[in-house]
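Worksheet for the structure shown next.
Here's what the structure looks like:
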């Protein structure tokens, strides 16, 4: 998920940000959460050059809020595969903070970014996720 920075950002302690991520995971509906056993979720300040280099088109370092790395649930075999790396979601704390002005905005952005990346795990492409996100905003 990408975004553009706002004029000013907020800074949270790494532990506090991690707690927000944990809470966002806990708030996912059980039917989705129970299928996330193979996914690790990490918080990084910014995306690595390796992550950025693997994406097409390459996003700006300070615009990427999160990324899903792995084999989508919809195309994975129904049995364990030897050598298959665990799926991975990274959320980029400094980038998320840069698009938020308040702690409440950070809470909401973490939730939205996590849901977006979990959507990729369940096989949704960027266009579909953007359409769903827009529909959700119109309903609020």
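In my numbering, the protein residues as written are -19 to 120.
Glycine included, C-beta positions come from ideal geometry on N, C-alpha and C.
Keep in mind the model is a prediction, meaning the values are calculated, not measured.
How do the region 37 to 48 and the region 108 to 116 stand: do at least 3 beta-carbon pairs fall below 8 Å, yes or no? Taking one beta carbon from each stretch, the region 37 to 48 and the region 108 to 116 have fewer than 3 pairs nearer than 8 Å; the two do not touch.
Give the secondary structure of residue 77 by DSSP, where H, G and I count as helix, E and B as strand, and everything else as coil. When DSSP states are grouped into helix, strand and coil, residue 77 belongs to the helix group.
Kindly list the residues whose CB is nearer than 8 Å to the CB of residue 94, restricted to its own chain and excluding five residues on each side of it in sequence; keep chain order. Within the same chain, 1, 4, 5, 8, 21, 46, 69 and 71 come within 8 Å of residue 94 by CB-CB distance, once the 5 residues on both sides are set aside.
Thinking just about the alpha-carbon of each residue, which of 102, -7 and -10 is nearest to the one in residue 51? The option with the nearest alpha carbon to residue 51 is 102.
Quick one: Cα of residue 48 to Cα of residue 27, how far? Cα to Cα, the separation comes out at about 12 Å.
Residue 97: which of 74, 77 and 13 sits nearest, CA to CA? The candidate whose alpha carbon is nearest that of residue 97 is 13.
So, with DSSP's three-state summary, where would you put residue 24? Reduced to three states, the DSSP call for residue 24 is strand.
Classification of residue -4 by the beta-carbon crowding that lies within 10 angstroms, buried from 16 upward: With fewer than 16 other CB atoms across the displayed protein chains lying within 10 angstroms of its CB, residue -4 is exposed.
Based on DSSP bridge pairs, tell me the residues matched to residue 71. 23 and 46.
Any idea what DSSP makes of residue 16, helix, strand or coil? Residue 16 falls in the coil class under three-state DSSP.
Tell me whether residue 53 sits in a helix, a strand or coil according to DSSP, three-state version. Secondary structure at residue 53: coil, using DSSP grouped into helix, strand and coil.
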